[in-house]
Amino acid sequence: MFTDTIELKDFEKMDPEYQDLLKRILAIQADCEIGGPHLYVEDMLPAAPTRVERLIVARTAAEEVDHYRKMARLAGELGVDLSPLLNRPNRERYVDAFRGRISTWEDYALFGFLIDRIGRYQLEEFVGGSYAPLDRILPDVLKEEEGHIDHGTNKTAELAAKGGEQKERVQKVLNYWYAKALDMFGKSQSRRSERYVHWRIKRRTNAEAREHYIREVNPLIEAMGLEVPDPTAERRFV
Amino acid sequence: MPMAPNTEAIDQHLKGFVQALHAAVNRAVPHVQDDPKLVDRAIEDCKEILDVVLEGNVSEWLK
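Residue numbers (the working numbering), protein chains in the order written: chain A, 1 to 238; chain B, 1 to 63.
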């Protein structure tokens, strides 16, 4: 296990595998950060149920753009231009969950509840990691992600509490995003995932992080009176 | 390690967009109850700013 802490000035001296992995993870993180607004701004900013919710959508998008900016800056310092990610078509996003479009309030709520929570998991992987410039930007980014998760969780709970057809719609949307969420951790038997841990770019393997996520989110789903979806249904990566 | 071209300039542009978005939201929040027109204008401003960001026409920004 690698134990040093790396600054920008040390980067060029690092093993090529380390350089490649760090550049790759910054690109993926930036792609996910800007991929969020691409999913929901067009339909949800003008059409969220209330003015307050529209302002929350705008603030959330602003924060995600800023997270993208921070990741893109770190990558730029390493010689990688991530500006093409700004307008990459959704269908070409790195992670499957960002390849569609969010056009209902239920989807927006579930996205915050389940997918932004994974954003937090991915970011927590880097806390105390070997690349100090990345570690330093995390506290503010994580705090904002927590706000997005809380909003999504509260809205999902409110919608589920209405019961009847509304609750059925939430359950259907939950089933869709739950599979996308579990897939976001990647393959359990991933050699690359182990190399990230070796270099202390990440703290946990894909399988460990997915297991922690399931242990956190399943009780929340049950507390809302919803059914935890089959964790093997509609999955691409196990 | 040489920086990627325009890293600093793109970063500054994005910072400006983010600040403008927060300013629009902060201008509207105190008036959610008493001035719906002002709030709607702020939301429209946010949409316009975000459209420019997500269009990602960086070469235009850098002119």
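The beta carbon of each residue, even a glycine, is placed where N, CA and C say it ideally should be.
Residue j beta carbon less than 8 angstroms from that of residue i
{"i": "A28(B)", "j": "V18(B)", "result": "no"}
{"i": "R132(A)", "j": "L82(A)", "result": "Strictly speaking, residue 132(A) in this sequence is Ala, with Arg absent from that position. No, the Cβ-Cβ distance between A132(A) and L82(A) is not below 8 angstroms."}
{"i": "I102(A)", "j": "M184(A)", "result": "no"}
{"i": "F111(A)", "j": "G147(A)", "result": "no"}
{"i": "E120(A)", "j": "E145(A)", "result": "Correcting the residue identity first, residue 120(A) is Arg in this sequence and not Glu. Yes."}
{"i": "V116(B)", "j": "L55(A)", "result": "Outside the displayed span of chain B (1 to 63) sits residue 116(B), for which this structure offers no information."}
{"i": "D20(A)", "j": "S130(A)", "result": "no"}
{"i": "L78(A)", "j": "F11(A)", "result": "yes"}
{"i": "G100(A)", "j": "E64(A)", "result": "no"}
{"i": "Y68(A)", "j": "I28(A)", "result": "no"}
{"i": "I115(A)", "j": "K172(A)", "result": "no"}
{"i": "L14(B)", "j": "I49(B)", "result": "no"}
{"i": "I201(A)", "j": "I25(A)", "result": "yes"}
{"i": "G16(B)", "j": "N87(A)", "result": "no"}
{"i": "R204(A)", "j": "E106(A)", "result": "no"}
{"i": "V52(A)", "j": "V52(B)", "result": "no"}
Bridge partners - residue i, DSSP secondary structure assignment
{"i": "Y176(A)", "result": "None, per the DSSP bridge assignment."}
{"i": "I137(A)", "result": "I137(A) pairs with nothing; no bridge assigned."}
{"i": "I6(A)", "result": "Y131(A)"}
Nonlocal neighbours in the same chain, by C-beta distance under 7 angstroms from residue i, ignoring five residues either side
{"i": "G186(A)", "result": "S193, N206, F237"}
{"i": "Y224(A)", "result": "Looking at the sequence provided, one finds Met at residue 224(A) rather than Tyr. Cβ within range, chain order: T156, A157, A160."}
{"i": "G128(A)", "result": "D135"}
Contact set for residue i: own chain, Cβ-Cβ below 8 angstroms, skip 5 residues either direction
{"i": "R210(A)", "result": "L182, F185, S188"}
{"i": "I10(B)", "result": "V58, W61, L62"}
Under 9 angstroms from the C-beta of residue i: neighbouring residues of chain A
{"i": "V18(B)", "result": "A62, E63, V65, D66, R69"}
{"i": "K15(B)", "result": "D66, R69"}
{"i": "E55(B)", "result": "L86, N87"}
Interface partners of residue i on chain B, CB under 9 angstroms
{"i": "E77(A)", "result": "M1, M3, A4, T7"}
Chain-order list of residues whose beta-carbon lies under 6 angstroms from that of residue i (same chain, five-residue window excluded)
{"i": "Y18(A)", "result": "W199"}
{"i": "Y108(A)", "result": "Y40, M44, I102"}
{"i": "N175(A)", "result": "P229"}
{"i": "P80(A)", "result": "Here residue 80(A) turns out to be Val, not Pro, going by the sequence shown. These residues qualify, in order along the chain: K23."}
{"i": "A61(A)", "result": "P37, V41"}
Neighbouring residues, chain B, relative to residue i (Cβ below 8 angstroms)
{"i": "D81(A)", "result": "A4, P5, N6, T7"}
{"i": "V52(A)", "result": "V32"}
{"i": "H148(A)", "result": "Neighbours of H148(A) on chain B: none; closest Cβ ~14 angstroms, over 8 angstroms."}
{"i": "H38(A)", "result": "L54"}
{"i": "P46(A)", "result": "I43, K47"}
Contacts that residue i makes with chain A (C-beta to C-beta distance below 8 angstroms)
{"i": "K63(B)", "result": "Simply none; closest approach about 15 angstroms."}
{"i": "H11(B)", "result": "Here the sequence assigns Asp to residue 11(B), which means His is not the residue at that position. Those within 8 angstroms of D11(B) in chain A are R69, A72, R73, G76."}
{"i": "L37(B)", "result": "Just to set this straight, residue 37(B) is Lys in the shown sequence, not Leu. Per Cβ cutoff of 8 angstroms: no residues; K37(B) is ~11 angstroms from chain A at best."}
Proximal chain B residues relative to residue i, where beta-carbon distance stays under 7 angstroms
{"i": "V41(A)", "result": "L50, L54"}
Problem set entry | Every unbroken beta strand (DSSP E) within the region 18-42 of chain A, with a cutoff of 3 residues, ordered by chain | none
Which residue spans inside the region 74-134 of chain A form an unbroken alpha helix (DSSP H) run of at least 4? 105-110, 116-124
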